[in-house]
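All remarks here apply to the structure that follows.
In the working numbering, the protein residues as written are 47 to 160.
Structural data, given as structure tokens:
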């Protein structure tokens with residue numbers, strides 16, 4: 047267990063922003079603002095409708111189920127009926143934990159760069 051405080055772990059010039067780094071702040075979305083953006087696509091008819099499925103091991107499937115349950119509970123995910131898909135997979139971190147990833151490269155090629 048790590049007994050170090052925020053001020054022990056980050057440079058002094060960031061101490062004034064401690065509230066931004068709080069676990070509570072990271073577990074919620076910020077309030078909607080008038081300057082929130084949307085993503086525009088070059089051609090809606092040419093969007094990727096299917097995504098390559100990356101195989102997941104039984105351990106990764108277990109992590110996926112836990113991650114989905116947690117993200118839904120925190121309100122970070124919600125059910126959508128989108129015709130667009132992107133592959134999901136995990137990358138191992140140095141500490142052995144799994145980092146969830148989405149491969150948006152194909153979708154990014156279709157976005158308007160604005």
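Even glycine gets a Cβ: it sits at the ideal position worked out from N, Cα and C.
Since this is a predicted model, take the numbers as computed values, not measurements.
For this session: Please confirm whether residue 98 and residue 146 have their CB atoms less than 7 angstroms apart.
Result: No, these two residues do not count as a Cβ contact at 7 angstroms.
Exercise. Is residue 52 near residue 70, with beta carbons less than 7 angstroms apart?
Worked result: One thing to note: residue 52 has its Cβ no nearer than 7 angstroms to the Cβ of residue 70.
Exercise. The beta strand (DSSP E) with residue 93 in it runs from where to where?
Worked result: Segment: none, residue 93 is in no beta strand (DSSP E) and carries neither H nor E.
For this session: Give the secondary structure of residue 101 by DSSP, where H, G and I count as helix, E and B as strand, and everything else as coil.
Result: For residue 101, the secondary structure class from DSSP, reduced to helix, strand or coil, is coil.
Exercise. Could you check where the beta strand (DSSP E) with residue 145 kicks off and where it finishes?
Worked result: Element bounds for residue 145: 144-148.
Problem set entry | Residue range of the unbroken beta strand (DSSP E) whose run includes residue 134 | Per DSSP, residue 134 belongs to the beta strand (DSSP E) from 134-138.
For this session: Using three-state DSSP, classify residue 162 as helix, strand or coil.
Result: Summary: the structure shown does not reach residue 162, with the chain confined to residues 47 through 160, and so no result is reported for it.
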